[in-house]
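Notes to accompany the following structure.
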Amino acid sequence: MLRSLFTSATGLTAQQFNLDVVSHNLANVSTTGFKRSRADFTDMVYQTMREAGGQSGPNSQLPTGTRVGLGVSVAATVPIQSQGTLVAGNGTDMAIQGQGYFQVQLPDGSTGYTRDGSFRVDGTGKLVTAEGYAMQPEITIPPNADTVNISNEGQVIVKVIGQQNATSVGTVQLSTFINPSGLRANGGNIFSPTPASGAPATSNPGTQGAGTLRGGYLEASNVDIVEEMVRMIIIQRAYDANSKSIQAADEMLATTNGLKR
Numbered sequence: 001m002l003r004s005l006f007t008s009a010t011g012l013t014a015q016q017f018n019l020d021v022v023s024h025n026l027a028n029v030s031t032t033g034f035k036r037s038r039a040d041f042t043d044m045v046y047q048t049m050r051e052a053g054g055q056s057g058p059n060s061q062l063p064t065g066t067r068v069g070l071g072v073s074v075a076a077t078v079p080i081q082s083q084g085t086l087v088a089g090n091g092t093d094m095a096i097q098g099q100g101y102f103q104v105q106l107p108d109g110s111t112g113y114t115r116d117g118s119f120r121v122d123g124t125g126k127l128v129t130a131e132g133y134a135m136q137p138e139i140t141i142p143p144n145a146d147t148v149n150i151s152n153e154g155q156v157i158v159k160v161i162g163q164q165n166a167t168s169v170g171t172v173q174l175s176t177f178i179n180p181s182g183l184r185a186n187g188g189n190i191f192s193p194t195p196a197s198g199a200p201a202t203s204n205p206g207t208q209g210a211g212t213l214r215g216g217y218l219e220a221s222n223v224d225i226v227e228e229m230v231r232m233i234i235i236q237r238a239y240d241a242n243s244k245s246i247q248a249a250d251e252m253l254a255t256t257n258g259l260k261r
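Here our numbering is used: the first residue of the sequence shown is 1, the next is one more, and so on.
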């Protein structure tokens, strides 16, 4: 009975963690480029009472043995890398269709990676994120630019006031990873590589496995509200069931203690 109390407690802890993941997904339903996560679980160590294949008598062998599990633990949180819906944005907005991340320079000089393509022009003409992180390699828009267009191949084409022909001022480059789910989330839509993600491979959009760009669009979050609400209901029922198990074990323990009187 004491074992069942602790086993059910691991179930409560796991479902609380599961709810935390779902809540984070729902909180970021409007976050540009956000990828929802899924909590994965694994069963904990088993206590073996009789080993499978052991001798149960002089001429008999146990076919399965007797083991009891000791609960559940969180194995991982897995980002779901499905494509988000494209929504219309500003002229300097970009959406990646397929694999890849934009490169930005962080305040400490390192390179961060993001799917958030809501770029703006700062006071020096550079394309920067909402937090002011400059795109890498840097692309500068002339101060007298009339229109800005971004091709599927990443060419940033600018038409300057007074000039008839448009010119290219740079090419957006994307970084891909062997295992993007292994990236470390730093917050602010910024990711950093880890040994699990592998080193970044940088290329032009549409080459070497990188996706293409859609200028003037943004990639919306891939969170499905209905799916997350269904998961929340399942979590609540699982939490209730584990609570009932604790209650039942407690009542059985109380009955056992009452036998001593």
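Think of the CB as a built atom: it goes at the ideal place given N, C-alpha and C, for glycine as much as any other residue.
Between which two residues does the beta strand (DSSP E) containing residue i stretch?
i: A39; result: S37 to D43
i: V148; result: A145 to I150
i: I262; result: Examination of residue 262 is not possible in this model, given that the chain is present from 1 through 261 alone.
i: E219; result: Y217 to E219
i: Q208; result: Premise fails: Q208 is in no beta strand (DSSP E) and is neither H nor E.
i: Y101; result: Y101 to Q105
i: Y46; result: Y46 to R50
Helix, strand or coil for residue i per DSSP?
i: S197; result: coil
i: Y239; result: helix
i: L26; result: helix
i: I157; result: strand
i: V172; result: coil
i: V230; result: helix
i: G162; result: coil
i: F191; result: strand
i: L183; result: coil
i: S82; result: coil
i: G69; result: strand
i: T256; result: helix
i: S203; result: strand
i: T64; result: coil
i: S118; result: strand
Looking at residue j and residue i, is the spacing between their C-beta atoms short of 9 Å?
i: Q81; j: T111; result: no
i: P79; j: P180; result: yes
i: S203; j: T167; result: no
i: Q83; j: N222; result: yes
i: V148; j: V172; result: no
i: I141; j: K126; result: yes
i: D122; j: G215; result: no
i: D116; j: N189; result: yes
i: T13; j: L70; result: no
i: V74; j: D40; result: yes
Spell out the partners DSSP gives residue i in its beta bridges.
i: V21; result: BP columns for V21 are empty, so no partner.
i: K126; result: T140
i: A88; result: Y217
i: G112; result: V104
Subject >> Contact the segment 233–245 vs the segment 11–19: 3+ CB pairs below 8 Å >> reply: The segment 233–245 vs the segment 11–19: in contact.
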